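Novice:
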Amino acid sequence: MSHHLFLFLFLFLHLLLSLAQVFSDIDADRSALLRLRAAVGGQTLRWNTTAGSSPCNSWRGVVCNATTNRVVELRLPASGLRRTLPPNSVGNLTQLRVLSLRNNALSGQLPSDLSSCTYLEDIHLQGNSFSGDIPDTFFTLTNLLRVNFAGNRFSGNLPTNFNNLTNLRTLYLENNTFTGPIPDWNNLINIRNFNISFNSDVTGSIPPALGNFSDQSFLGTSLCGRPLPSCPSNGENNLSDGAIAGIAIGSFSALLIILCIAFVLWKTYRSRKVLPHRSPAPRSPAGDIRTPDTEQYNWRNNEYSETKGSDGLVFLGKEDEVFSLQELLSASAEVMGKGTIGSTYKAYFESGIQVVVKRLKNVSVPEAEFRAKIEEVGSLLHRNLEPLRGYFYGTEEKLLVYHPMTKGSLAAALHSYGMSNQSLSLETRCRIAVGVASGIEYLHSVGSGTVHGNIRSSNVFITEDYEARVSEFGLAQLVGSSSSLNGYRAPEVLDTRVGSQKADVYGLGVLLLELLTGREPDGILTEEDVALPDWVQTVVEEKGTAAVIDPSLIGREESEDQVVELLLVALSCTSRQPSGRPSAADVVRRLRKICD
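So for the sequence shown, numbering that gives the first Met the number 0 puts the first residue at 0; every next one is plus one.
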């Protein structure tokens, strides 16, 4: 009898100790997540942190193992996270398998204690601003299968320690600032997906182990060798002295000619009048020429009473290139276009600074409400939103100031306004679509009443790396009701000042259709001039999917399948009933799954 009692007590004590250990471990995970929340904010501020609440129950992005009651996945993509990952936060989630913090505004170096997460298999940190060297401790995570560090600012020589990650199947390092040659990563025998594009200072020959990947994996680098052109040989110089002398004389002559041309262009620039250019005439898909009203606007023809005694030009955030209102009014400018809420100009300062200025029209709110709204818009920061640089409120004029984008607007790139007709690849359009949707998802995550209100391709700008930047968010509420949204306007919207998140999703869906078909929603689509979603539905039913898709996207079988899936997402967004449309978060999730 005593033997059985002893056995029962032993098992009971063992169970108590096990339960205590389980609760202790989840408490440690909870503390680590709270430390992360305090440091990076964003969507983590919505976690229910009341006493007794468990991260395994309702904390967005946190997934636990049902058996061990430990955090095994942390997924917070495009969640408005900012600043630096602190130590003793993610690194203390020692049972973590998946870490996804992509498309936020995180910066600084990776915490060295990440090496404590020895079970990590997937790391997705693309689309942030992480910088510096990858810490050596990172390369002790030998269970890693997928690593995506694209679109950050990691620098330094490419580490040889990637050889330690022998299970690695996916390695994306594009759009960083790595330098030097690619080491011989001969141990990466399981690698299936690799990209190091747009690291301009990565040099030397491509190791044989990576030579089987396509040239798309090495764009924008200084690499050579298979699959890129062969590296130059180091043989002797076979040019004669006469040939060398000829080359030197020719080069000197060419330099003189270039200097003369540059001098003439400089003189012309210095003497040019305000607004010497006209906007290029857009060409519609059907081939008709539509000449926009390229209003010639001279800043100096307007009087601003606010400039007397006070500049009135307000800059938002940290601004390195500050200028006065008078300098802005005296700058040369050219019309970029006219939109729903006003005209857009590019201003050129003699110092070389360039800015984009939007001149608002029909502002229908008082000054206090205007300034409060602009300050609110200026506080919304996301990788895929074009930040507002500054503004001016005057009796007659209201101006917004932005940074210029090198690639211009999506409308110009997609419809070749004044450009060479170079079609955008499906991969690029996917990248742009995910970027736009991520920006809208972030806006909607701020609050139920936060909307864009004017989604259209002319309000999407493209960076040098074809990253999407959405502009004009929240401004539709400042101006009088307009009907000029046309093809992007949801059927239920009667007043453009009263938008909704479901109406934003409709506009996003129309923009996706524009990306896939290459047709302008505001252009003449058919003889009946029907809306783009209705036209797509009709043509698909009568002639099939291929009849509506941009011909430049048709080719490979796998691309056609991808295009069809994207088309289905776009059509679900443009449902005539708001309740039938997905949320922006669902759109981002579906686009990432398709485009990845």
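Don't be surprised by glycine CBs; every beta carbon is placed ideally from N, CA and C. Note that this is a predicted model, so its numbers are computed, not measured.
Evaluate contact between the segment 92-104 and the segment 453-462, counting only Cβ atoms and requiring at least three cross-stretch pairs below 8 Å.
Specialist: no
Novice: In whole angstroms, what separates the C-alpha of Glu375 from that of Thr449?
Specialist: Counted from its first residue, the sequence shown places residue 375 at position 376. Counted from its first residue, the sequence shown places residue 449 at position 450. Their backbone Cα atoms lie some 10 Å apart in a straight line.
Novice: Please classify Ser78: does DSSP put it in a helix, a strand, or coil?
Specialist: Here residue 78 is taken as the residue at index 79 of the sequence shown, counted from 1. Of the three classes helix, strand and coil, the one that applies to Ser78 here is coil, per DSSP.
Novice: Could you tell me how far apart the beta carbons of Ser99 and Leu75 are, in whole angstroms, since I believe they sit closer than 8 Å?
Specialist: Looking up residue 99 in the sequence shown gives position 100. Looking up residue 75 in the sequence shown gives position 76. Yes, Ser99 and Leu75 are in contact; Cβ-Cβ is about 7 Å, under 8 Å.
Novice: Please list the segments of the alpha helix (DSSP H) lying wholly inside the segment 403-474, counting only runs of 4 or more residues, in order along the chain.
Specialist: 409-414 and 425-445
Novice: Going by Cα to Cα distance, which pick from Ser30, Ser128, Gly407 and Val146 is closest to Ala50?
Specialist: The residue you call residue 50 lines up with position 51 of the sequence shown. The shortest Cα separation from Ala50 among Ser30, Ser128, Gly407 and Val146 belongs to Ser30.
Novice: Determine whether the beta carbon atoms of Leu398 and Val356 lie at a separation below 7 Å.
Specialist: Residue 398 sits at position 399 when you count from the first residue of the sequence shown. Residue 356 sits at position 357 when you count from the first residue of the sequence shown. Yes, Cβ-Cβ distance for Leu398 and Val356 is below 7 Å.
Novice: On the DSSP bridge assignment, give the partners of Asp200 in chain order.
Specialist: Taking the sequence shown and counting its residues from 1, the one referred to as residue 200 is at position 201. DSSP output for Asp200 lists Thr178 as bridge partner(s).
Novice: Short of 7 Å in beta carbon distance, which residues of its chain neighbour Arg589, apart from the five on each side in sequence? Order them along the chain.
Specialist: Here residue 589 refers to the residue found at position 590 when the sequence shown is read from its first residue. The residues are Val568.
Novice: By alpha-carbon positions, which one of Ser363, Ser350 and Phe217 ends up nearest to Ile340?
Specialist: Start at 1 with the first residue of the sequence shown, and residue 340 comes out as number 341. It is Ser363.
Novice: How do the segment 164-174 and the segment 133-146 stand: do at least 3 beta-carbon pairs fall below 8 Å, yes or no?
Specialist: yes
Novice: Does the Cβ-Cβ distance between Trp614 and Asn162 come in under 7 Å?
Specialist: It is not possible to answer for residue 614, since the shown part of the chain is limited to 0 through 595.
Novice: If I measure Cβ to Cβ from Glu366 and keep anything under 7 Å in the same chain, skipping five residues before and after, which residues do I get?
Specialist: Reading the sequence shown from its first residue, position 367 is the one you call residue 366. Tyr392, listed in sequence order.
Novice: Short of 8 Å in beta carbon distance, which residues of its chain neighbour Gln125, apart from the five on each side in sequence? Order them along the chain.
Specialist: Numbered from its first residue, the sequence shown carries residue 125 at position 126. Hits under 8 Å: Arg101, Asn102, Asn147, Phe148, Ala149, Gly150, Asn151 and Tyr171.
Novice: With DSSP as the reference, please indicate the residues paired to Arg145 in a beta bridge.
Specialist: The residue given as residue 145 occupies position 146 in the sequence shown. Arg145 is bridged to Asp121 and Thr169.
Novice: Under a three-way DSSP split, which group does Ala27 fall into?
Specialist: The count along the sequence shown starts at 1 and reaches residue 27 at position 28. Helix.
Novice: Please report how far the alpha carbon of Leu119 lies from the alpha carbon of Asp595, in whole angstroms.
Specialist: Position 120 of the sequence shown, counted from the start, is the residue given in the question as residue 119. Position 596 of the sequence shown, counted from the start, is the residue given in the question as residue 595. Leu119 and Asp595: Cα-Cα distance of roughly 20 Å.
Novice: Expressed to the nearest angstrom, what Euclidean distance is found between the alpha-carbon atoms of Ser270 and Ser331?
Specialist: By 1-based counting over the sequence shown, the position of residue 270 is 271. By 1-based counting over the sequence shown, the position of residue 331 is 332. Per-residue confidence for Ser270 stands at a pLDDT of 39, beneath the threshold of 50, marking its modelled position as unreliable; the derived number appears in the next sentence. If I take the Cα positions, the gap works out to 10 Å.
Novice: Note down, one range per segment and in chain order, each beta strand (DSSP E) of at least 3 residues found wholly within the segment 333-409.
Specialist: 341-347, 353-359, 389-392 and 397-401
Novice: Could you tell me the boundaries of the alpha helix (DSSP H) in which Cys55 lies?
Specialist: Numbered from 1 along the sequence shown, position 56 holds the residue referred to as residue 55. Here the alpha helix (DSSP H) through Cys55 covers Pro54 to Ser57.
Novice: Looking at Ile190 and Pro206, is the spacing between their C-beta atoms short of 7 Å?
Specialist: Reading the sequence shown from its first residue, position 207 is the one you call residue 206. Reading the sequence shown from its first residue, position 191 is the one you call residue 190. Against a cut-off of 7 Å, the Cβ pair of Ile190 and Pro206 comes out as no contact.
Novice: Please determine, among Phe217, Gly498, Arg488 and Leu515, the residue with the shortest C-alpha to C-alpha distance to Leu442.
Specialist: Looking up residue 442 in the sequence shown gives position 443. Taking only the C-alpha atoms, the option nearest Leu442 is Gly498.
Novice: Tell me which residues share the same chain as Phe348 and place their Cβ nearer than 6 Å to its Cβ, disregarding the 5 neighbours each side in the sequence.
Specialist: Here residue 348 refers to the residue found at position 349 of the sequence shown. So the list reads Ala330, once near-sequence residues are dropped.
Novice: In the DSSP assignment, what residue or residues form a beta bridge with Ala104?
Specialist: As a first step, residue 104 is located in the sequence shown; it is residue number 105 there, counting from the start. Answer is Arg81.
Novice: Over the uninterrupted alpha helix (DSSP H) stretch that includes Val478, give me the two end residues.
Specialist: Counted from its first residue, the sequence shown places residue 478 at position 479. Per DSSP, Val478 belongs to no alpha helix (DSSP H) and is neither H nor E.
Novice: Output the boundary residues of the beta strand (DSSP E) element that contains Leu222.
Specialist: As a working mapping, residue 222 is identified with position 223 in the sequence shown. Element bounds for Leu222: Ser221 to Cys223.
Novice: If you draw a straight line from the alpha carbon of Thr573 to that of Pro520, how long is it in whole angstroms?
Specialist: On the sequence shown, position 574 is the one that residue 573 refers to. On the sequence shown, position 521 is the one that residue 520 refers to. About 13 Å.
Novice: Identify, in the order they occur along the chain, each residue of the same chain with its Cβ nearer than 6 Å to the Cβ of Gly598, setting aside the five sequence neighbours on each side.
Specialist: What the structure shows of the chain is the stretch from 0 to 595, and residue 598 is not part of that stretch, so it cannot be assessed.
Novice: Per DSSP, which residues does Val62 bridge with? Please list them.
Specialist: Against the sequence shown, residue 62 aligns to sequence position 63. DSSP, once it has assigned bridges, lists Glu72 as partnering Val62.
Novice: Got a sec, what are the start and stop residues for the alpha helix (DSSP H) Leu218 sits in?
Specialist: By one-based count along the sequence shown, residue 218 stands at place 219. Neither: Leu218 is in no alpha helix (DSSP H) and is coded neither H nor E.
Novice: Taking the Cβ atom as the reference point for each residue, do Leu227 and Phe212 lie within a distance shorter than 7 Å?
Specialist: The count along the sequence shown starts at 1 and reaches residue 227 at position 228. The count along the sequence shown starts at 1 and reaches residue 212 at position 213. Their beta carbons are not under 7 Å apart, which means Leu227 does not touch Phe212 by this criterion.
Novice: Using a threshold of 7 Å, state whether the C-beta atoms of Gly389 and Leu315 are closer than that.
Specialist: Mapped onto the sequence shown, residue 389 falls at position 390. Mapped onto the sequence shown, residue 315 falls at position 316. Yes, Cβ-Cβ distance for Gly389 and Leu315 is below 7 Å.
Novice: Compute the Euclidean distance between the alpha carbons of Pro86 and Leu44, then round it to the nearest angstrom.
Specialist: Translated into the one-based positions of the sequence shown, residue 86 becomes position 87. Translated into the one-based positions of the sequence shown, residue 44 becomes position 45. A direct Cα-to-Cα measurement between Pro86 and Leu44 gives close to 19 Å.
Novice: How far does the alpha helix (DSSP H) with Ser582 in it reach, from first residue to last?
Specialist: Within the sequence shown, the letter at position 583 stands for residue 582. Premise fails: Ser582 is in no alpha helix (DSSP H) and is neither H nor E.
Novice: Going by alpha carbons, who is nearest to Glu396 out of Asn361, Leu425 and Thr405?
Specialist: Mapped onto the sequence shown, residue 396 falls at position 397. Distances from the alpha-carbon of Glu396 to those of Asn361, Leu425 and Thr405 put Asn361 closest.
Novice: With distances taken Cα to Cα, identify the nearest neighbour of Met404 among Val354, Phe177 and Asp24.
Specialist: Locating residue 404 in the sequence shown gives position 405, where the first residue counts as 1. Of the candidates Val354, Phe177 and Asp24, the one whose C-alpha sits nearest the C-alpha of Met404 is Val354.
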